[in-house]
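Number of protein chains: 4
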Amino acid sequence: MIVQMNHNASPADVAMVRKKAEEMSMSLVDFSDEITLRLVLPGKHDPYLAREFAELRGVNDVVATAHGHCLTHRAANPAGTIIDVRGNIFGGDLPVVIAGPCAVESYDQMMQTAVALSELGISILRGGAFKPRTSPYDFQGLGEEALRILERVRAETGMAFITEATGVGCFDAVESAADIVQIGARNMQNVELLKRAGRSHRPILLKRHFSATIDEFLHAAEYVMAEGNRNVILCERGIRSFVDHARFTLDVALIPALQARTHLPILVDPSHAAGDRRLVIPLARAALAADADGLIVEAHPCPNESACDARQALNFDDLEVLMREIEYPPFMTTAALAAEVPA
Amino acid sequence: MIVQMNHNASPADVAMVRKKAEEMSMSLVDFSDEITLRLVLPGKHDPYLAREFAELRGVNDVVATAHGHCLTHRAANPAGTIIDVRGNIFGGDLPVVIAGPCAVESYDQMMQTAVALSELGISILRGGAFKPRTSPYDFQGLGEEALRILERVRAETGMAFITEATGVGCFDAVESAADIVQIGARNMQNVELLKRAGRSHRPILLKRHFSATIDEFLHAAEYVMAEGNRNVILCERGIRSFVDHARFTLDVALIPALQARTHLPILVDPSHAAGDRRLVIPLARAALAADADGLIVEAHPCPNESACDARQALNFDDLEVLMREIEYPPFMTTAALAAEVPA
Amino acid sequence: MIVQMNHNASPADVAMVRKKAEEMSMSLVDFSDEITLRLVLPGKHDPYLAREFAELRGVNDVVATAHGHCLTHRAANPAGTIIDVRGNIFGGDLPVVIAGPCAVESYDQMMQTAVALSELGISILRGGAFKPRTSPYDFQGLGEEALRILERVRAETGMAFITEATGVGCFDAVESAADIVQIGARNMQNVELLKRAGRSHRPILLKRHFSATIDEFLHAAEYVMAEGNRNVILCERGIRSFVDHARFTLDVALIPALQARTHLPILVDPSHAAGDRRLVIPLARAALAADADGLIVEAHPCPNESACDARQALNFDDLEVLMREIEYPPFMTTAALAAEVPA
Amino acid sequence: MIVQMNHNASPADVAMVRKKAEEMSMSLVDFSDEITLRLVLPGKHDPYLAREFAELRGVNDVVATAHGHCLTHRAANPAGTIIDVRGNIFGGDLPVVIAGPCAVESYDQMMQTAVALSELGISILRGGAFKPRTSPYDFQGLGEEALRILERVRAETGMAFITEATGVGCFDAVESAADIVQIGARNMQNVELLKRAGRSHRPILLKRHFSATIDEFLHAAEYVMAEGNRNVILCERGIRSFVDHARFTLDVALIPALQARTHLPILVDPSHAAGDRRLVIPLARAALAADADGLIVEAHPCPNESACDARQALNFDDLEVLMREIEYPPFMTTAALAAEVPA
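This is the structure:
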């Protein structure tokens, strides 16, 4: 449940709430913002207990939260969570675009990509170091070497980067290198990994499993948050259905449905949803039109030579089309933005 | 297969193609436009026969078409089919919006709706006369009486209207009254009804069954076209999946996938996809951002008193929001926006 | 709702119930069996009205039935509906097997099939006369000619037969010829056809649409029963899912789920579920192990020359294996059974 | 690919094959049985290389195996893999039944269960020690304490036990205690866990994710086998579909489809598929009728007091019914039944 204090609640009032929580052996997470004091008590909702809290001095309201959906609940942070990654604002007014290849293959490939993205106003690079492939005989990524490449590219271009931690075994390495740690769709219910991510100081991009309900998705985010990490970015990447004209079915309705239920930013990955580069741009436009907070897109200097997912990566010309069609890159310099606003 | 003639092909050349088709007992449909002479031979593709046609004088190319996907094939009308319904252009540059209640309940309800829509710039009304309800004990629509109401509203307001023919039994009545005849999702593979629609002089709005593949959907449209009716408008309304935050899952990727394969206009019904009015507007925006040719939306003067589908109908204030939001899609350039505003 | 009378209720008591139903303009269907007087009032359940009926003299109980699920409700006929088709008992102790080709192609093909089936103890033949094909350019069946072939084979062999009515247009012809009229999966929500079937004197085999919920399936059966036809046989034939090792996914759990909710017999079509003859026999065994009332199986003298669905039809050797594995054909004469038991 | 040697191949011939594999830096796994020398070279199939192996002396045949499906391939062990767990034979002629509660709650609960199962002839106990719950606030299992309880019950009753390793973190503990280590459906693509399981000396029961294709499922098993563990038992537990009369949809066709493609034993979990105890027994019967190698069933002394999944656990009376019903499957011939009963 979520305890909202009155605007004039005194520190003593807040201390009383904390004391009561302690007496009940409940953990308590402070979600106050500049306007409202807000204390979240994760766990099962208990109407009897809720009443007791409601009767404490200085308490304005106690919001019941569905089981397992507390820290992620919209009411914990009604204004929406904002996550700043080297100046890129997730959950702000403008969408963020992340782009790059499925897998890091070489320094040249990544440097070439970083330069191209910069020119398009994109300042977060994606690239797999550890790849969770379906078959044990597929290319599994360059691992630590890829992390070094990404770090070098960041040092030389200023681009932030995101890469996936495929398990607790490689989490430390990924965490110490990357600006954002990705948890892949197939690991969305790898509880051990979710808990480790919850103890990280890095923002986590959590992809929805292609067969997860909205509840299961939010529960996975709750696992991360319950360990203390508040910086979770959700990402929809298509569901598995009977449809055969796309690799997965982008679930656009998830965007407004999530916005109603959680304060976390929501990205969309149109590339994995489509599995076919001809569908990527329309899906990207649809995602932003449905109010997604940004995109994560596969792009490669030469998609047909890509080590994986060749069919869905955009080349840089296509990526330029995409950027033009979605129009206002949030990553534009203040000067560029100023130039756009009519005097 | 599709026989494309040279630009300088003579009438005698065309006659030769027709003669050959006749000899082979193949029907032949003329899809020529102002630029290109184009003759479609529906049915199975036969590479041997294709070669014979290709060798005739004046033939430029013979396009192989997948089985059962000939008259609907993009190559039959590369520029895209345009259908004009009382001045509303389906398949043109601007999207068309159709709105109205699930079911016609009374003259007052429809008149009130028509007036509200007119003020928002909508000029096609929807309203069910015959309702294909899941249960035999649900309200089945006012039937012929509803058609009379719709005709009266059209006469008084100039609004065109679309209504569903739920079977061959009521087709004549619907056809003689409505401007567009709808075939509902649950009847998408009712072959008898598709054939009857193919012999109609009215445009047909064909809804995709919620479990139909793109092939099955196009085959259903092909059934209609094979009987002679070229004016088919396709409509995506969500697929059935495991998802529980929306009644159906809007398959946005179907829009570009269809555009690549067929010349027919594509509408989207965000209301049935959502099953929840809070999701309708984001889905409508997403559909247009993915380049749909228009929307068909449920709207009701007082949704909570609606005879059916109460949860998904917009009231007129919501509809106004929708219209405002889709008029200024976020991806439009400032120039485009400026050009759109009348001086 | 379902009004159950006391065992000693008098004719006057029953008349009172009828009179009350009449006053309320409710239709009333008599589902009494030798043991219990039972009157079903189809339509929405009304607790207030239920109480009024419950208070009438001679009334033992009033069972609330979910909306649209009255005549099909288990409580309307707790012992289960039994349908006798020329001595084949659907819903009895032993399963019924129906077999034959997808489509009737010739007299020879059907005669050959009928002879082979007879030798295996099967006495109901299936064969499509009117075929509801996905594409307009596929073979649509021999139509009336096929009905004449089936009648001739019946006259010569004594085999009953089932064939599909693909619409109201061919219903009369099918009904006058066939012993059982089939409604195909794709027409499960063709309300016009369901209503026509409800006015038929023939038993109806109603296939579940591959994306229908159990409620939708029972509502479709209710449409048939609401028009007066009590002889409805339900048939599960697989659902559409993401699975790619079979054409559809046989929903075995539907069998016990239906048995709990309805009194109608339940068949299974393992052939369309599998779409692959190698899976047909295991699915057939599973269906009967889950207590299905019988099977409808595709079999063809020479499957690879079959006009349609060639991949899933069994040849007669395979069919013999199937019959041996499921062991006790219900349609066998006592003599035949005796002959099978080793002395 | 799989290299099959001639029956009279000499040790020198085999050495040559091994040498060639070494030269190509390919790993090679010996799958020979008493009859045939069979060497599996995991990884991508290369027709050119296959020819080279085929030309070596003593080589009978080289079987191409689809990418990522080598060690699991039926041809690697055509007779089928047999796994013996304390005398319980997985993959043998008779099905194995595993039963027990969702979670270990106490010594008494487990002891009571073990005694009841023993009386029914069941000798493998299941019980969750570490529970991978959807929500972080749900009961997560007794952990190590549960392992101690299971060990004590094993010591006192002789029952083997299986329990789940929910991550690499608890794998060592589970492995050292349990007779079989389970990998749950949600971890089916947790590659780190699969690899750890591949280095275990314990048999692994690998559950199919509820949205995994047959290829993905076999690839997961291949991950385990590629690390050296050959004792993998597959387990189908239902797929996620639109169906709402059961929690998941048991995919019976997977059983014969897997049998055609892999030599690994296949169990079925009817309890998680059903999510409703009334459906468990029919699903269990269906699974065995489709030739599953056994069942894993939830059973609890008092299901309604169960710490989790209360709705689907059988009580011991129900379990007795299940055991009785599967002992005499209806499709068994009288002769077979007679043969089964010890004189």
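Chains as they are written, first to last, in this note's numbering: chain S, 1 to 343; chain X, 1 to 343; chain P, 1 to 343; chain A, 1 to 343.
Every residue, glycine too, gets a C-beta built ideally from N, C-alpha and C.
Residue i classed as buried or exposed, judged by whether at least 16 other C-beta atoms fall within 10 angstroms
i, result
"Val104(P)", "buried"
"Asn8(A)", "exposed"
"Glu145(A)", "exposed"
"Ser271(S)", "buried"
"Arg277(P)", "buried"
"Cys235(S)", "buried"
"Asn77(A)", "buried"
"Ile183(P)", "buried"
"Tyr48(S)", "exposed"
"Ser306(P)", "buried"
"Lys269(P)", "For the sequence presented, residue 269(P) should be read as Asp rather than Lys. It is buried - the Cβ of Asp269(P) has at least 16 other Cβ atoms within 10 Å."
DSSP three-state assignment for residue i, whether helix, strand or coil
i, result
"Gly228(P)", "coil"
"Thr163(P)", "strand"
"Asp30(P)", "strand"
"Val63(P)", "strand"
heavy atom of the ligand GTP below 7 Å from residue i C-beta
i, result
"Gly100(A)", "Absent from the structure shown: the ligand GTP. Ligands present: none."
Amino acids of chain A, ordered along the chain, whose beta-carbon sits closer than 8 Å to that of residue i
i, result
"Ser241(X)", "Phe242"
Chain-ordered neighbours of residue i on chain X, where CB pairs are closer than 7 Å
i, result
"Phe210(P)", "Ser211"
"Asn187(P)", "Asn190"
"Ala313(S)", "Residues of chain X passing the Cβ test: none, with the nearest at roughly 17 Å."
"Lys344(P)", "Not covered by the structure: residue 344(P). The range shown for chain P is 1 to 343."
Contacts that residue i makes with chain P (C-beta to C-beta distance below 8 Å)
i, result
"Thr249(A)", "Ile239, Ser241, Thr249, Asp251 and Ala253"
"Arg199(A)", "Simply none; closest approach about 30 Å."
"Arg278(A)", "Pro256 and Ala260"
Identified DSSP bridge partners for residue i
i, result
"Glu236(X)", "Val268(X)"
"Gln182(X)", "Glu164(X) and Leu205(X)"
"Ile281(X)", "Answer is none; Ile281(X) lacks a bridge partner."
"Leu117(A)", "Bridge partners of Leu117(A): none, in fact."
"Ala299(A)", "Leu314(A)"
"Ile98(A)", "Ile124(A) and Ile296(A)"
"Phe90(P)", "Ile83(P)"
"Thr262(X)", "His73(X)"
"Asp251(P)", "Asp251(A)"
"Val3(X)", "Leu39(X) and Val62(X)"
"Ala103(S)", "Gly128(S)"
Contacts that residue i makes with chain S (C-beta to C-beta distance below 7 Å)
i, result
"Ser306(A)", "Within chain S, no residue comes near Ser306(A); the closest Cβ sits about 17 Å away, beyond 7 Å."
"Ser347(A)", "Nothing can be reported for residue 347(A), as the shown portion of chain A is limited to 1 through 343."
Contacts that residue i makes with chain X (C-beta to C-beta distance below 8 Å)
i, result
"Gly167(P)", "Val168, Asn190, Val191, Glu192 and Leu193"
"Thr134(P)", "Gly68, Gln189, Asp215, Glu216 and His219"
Partners in chain S for residue i, counting only beta-carbon separations shorter than 8 Å
i, result
"Ala103(X)", "The premise fails here: Ala103(X) is roughly 24 Å from chain S at the closest Cβ pair, so nothing lies under 8 Å."
Proximal chain P residues relative to residue i, where beta-carbon distance stays under 7 Å
i, result
"Ser27(X)", "In chain order: nothing, as chain P lies at least about 10 Å away."
Task: the region 58-65 of chain P in contact with the region 245-255 of chain P per 3-pair CB rule at 8 Å - done: no
TODO: Report yes or no: do the region 95-112 of chain A and the region 120-138 of chain A share at least 3 C-beta pairs separated by less than 8 Å?
DONE: yes
Task: Three or more C-beta pairs below 8 Å linking the region 151-167 of chain P and the region 110-123 of chain P - done: yes
Task: Sufficient close CB pairs (3 or more, under 8 Å) joining the region 283-291 of chain S to the region 81-91 of chain S - done: no
Open item on the list: Would you call the region 302-317 of chain A in contact with the region 310-320 of chain P, where contact means no fewer than 3 C-beta pairs closer than 8 Å?
Closed with: no
Open item on the list: With a threshold of 8 Å, are at least 3 pairs of Cβ atoms found where one atom belongs to the region 207-224 of chain A and the other to the region 191-198 of chain A?
Closed with: yes
Open item on the list: Assess contact between the region 128-138 of chain X and the region 154-172 of chain P, defined as three or more Cβ pairs (one per stretch) separated by less than 8 Å. Is contact present?
Closed with: no
Open item on the list: Under 8 Å, with one C-beta from each stretch per pair, do the region 204-215 of chain S and the region 240-250 of chain X reach the 3-pair mark?
Closed with: yes
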